[in-house]
């Protein structure tokens, strides 16, 4: 499982296309959906390579996978493809009722909770700090220009999704509601449905890992660290079990290495 920011791969090599890794933001991906996909591949014991090059990023949404000269975009399409191609399905042992619950959890986290993270990063007072952490390799002028472009795009997407139409207090209240709900469902179990992780656990990890390790001091992080420790424990458990190379991965600053080329 290697990082390759620009290498060409054989068509039989599974390639995960995700955003660059940033040393100052210590998670494998600052995108919850990209982190979910990579985590799912590890949970399913699927060998892969990572391509963090951002060429044609306007044409291909992240995350995406490339295999057999095919491209699948967005984790909602990528994971079913992986299940079919590799004969894996982490949800296979769940009852029909549990599968329905898992689908609901996944939809909430992927399509709702994740947007509250984007709001915090781009629209709150934290945005200036996020700019410096995300674009530290650029000089101050280019950093401001790039940040303004990304922020404008993020605000448009947040407005279209609906989260951007709420007040800041309302956004954080929605985030709290989601996090408390999934914390209640997790309870004291190792994973959401027992001793083995399912797709919803990968979704949860994509959210919580970013909250506790890249959003220190945010309302979401304070809530998880203070009142919902089972969510933090869940993230630590996945990190320990499925990312034995965590330190190596987060130090592979592909944004910086790609910038220098």
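Numbering (UniProt numbering), first residue to last: 1 to 261.
Here a beta-carbon is modelled for each residue, glycine too, at the ideal position from N, C-alpha and C.
- Taking C-beta separations shorter than 8 Å and ignoring five residues to either side along the sequence, the partners of residue 158 in its chain run 115, 118, 119, 122, 123 and 164, following chain order.
- Bounds of any alpha helix (DSSP H) do not take in residue 16; it lies within the beta strand (DSSP E) bounded by 15 to 17.
- Looking at the backbone, the Cα of residue 106 and that of residue 142 are separated by about 37 Å.
- Residue pairing by DSSP places residue 66 opposite 15 and 71 in a beta bridge.
- A straight line joining the alpha-carbon of residue 240 with that of residue 42 spans about 12 Å.
- Of the residues 71, 103, 109 and 91, the one whose Cα lies closest to the Cα of residue 203 is 109.
- In this structure, the CA atom of residue 48 is about 29 Å from the CA atom of residue 98.
- Across the set 112, 20 and 237, the C-alpha of 237 shows the shortest separation from the C-alpha of residue 205.
- With a cutoff of 8 Å on beta-carbon distance, residue 17 and residue 252 are scored as not near each other.
- Restricting attention to alpha helix (DSSP H) runs no shorter than 4 residues, the region 156 to 196 encloses them at 168 to 186, ordered along the chain.
- Collapsing the DSSP output to three states places residue 50 in a strand.
- Of all C-beta pairs linking the region 83 to 94 to the region 20 to 35, fewer than three are shorter than 8 Å, placing the two stretches out of contact.
- The C-beta of residue 220 has 16 or more other C-beta atoms within 10 Å across all chains shown, which makes the residue buried.
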